[in-house]
Amino acid sequence: MGKTEKIYNTGGFGTRYGVGIRKMFLKVEQKQRQKQECPSCGFNTAKRESKGIFCCKKCGARFAGGAYLAETLSGGIIKKMVGQKKFASYLSELVESKEKKEEAE
Numbered sequence: 000m001g002k003t004e005k006i007y008n009t010g011g012f013g014t015r016y017g018v019g020i021r022k023m024f025l026k027v028e029q030k031q032r033q034k035q036e037c038p039s040c041g042f043n044t045a046k047r048e049s050k051g052i053f054c055c056k057k058c059g060a061r062f063a064g065g066a067y068l069a070e071t072l073s074g075g076i077i078k079k080m081v082g083q084k085k086f087a088s089y090l091s092e093l094v095e096s097k098e099k100k101e102e103a104e
């Protein structure tokens, strides 16, 4: 019988919890452990400290973000809107995404 390969950090779970949950956990954990972009200095040096709190190792800035990533989807849309000063065109996109999220719940 051949040996099976452990899959990164989810290998410690063994056969528990099911394949789908372990794959989702692996995707999220790999993204959250990467260094994020700091909004103050712009370098990819911010690390996650705890739920939603990030700290930049270069400039020392601490800021709040999403639970796993420094910038959430809706936060990215708002940042783009403010940067381009085009609020009306993206407002419908934001409302639609919010409605879809509420319907899914």
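First residue of the sequence shown? That's 0 in numbering that gives the first Met the number 0, and the numbers climb one at a time after it.
All C-beta atoms in this analysis are idealised placements derived from N, C-alpha and C, irrespective of residue type, glycine included.
Asked	Found
Between the CA atoms of E70 and R61 - distance to the nearest angstrom	14 angstroms
Whether K56 touches T44 by CB criterion (7 angstroms)	yes
Beta-carbon separation (whole angstroms), T14 vs L25, contact threshold 8 angstroms	In fact, because the Cβ distance is near 15 angstroms, the residues do not count as touching under 8 angstroms.
Proximity to K100 [Cα-Cα], best of V81, V18, C37 and L72	L72
Buried or exposed (CB count within 10 angstroms, at least 16 for buried), C37	buried
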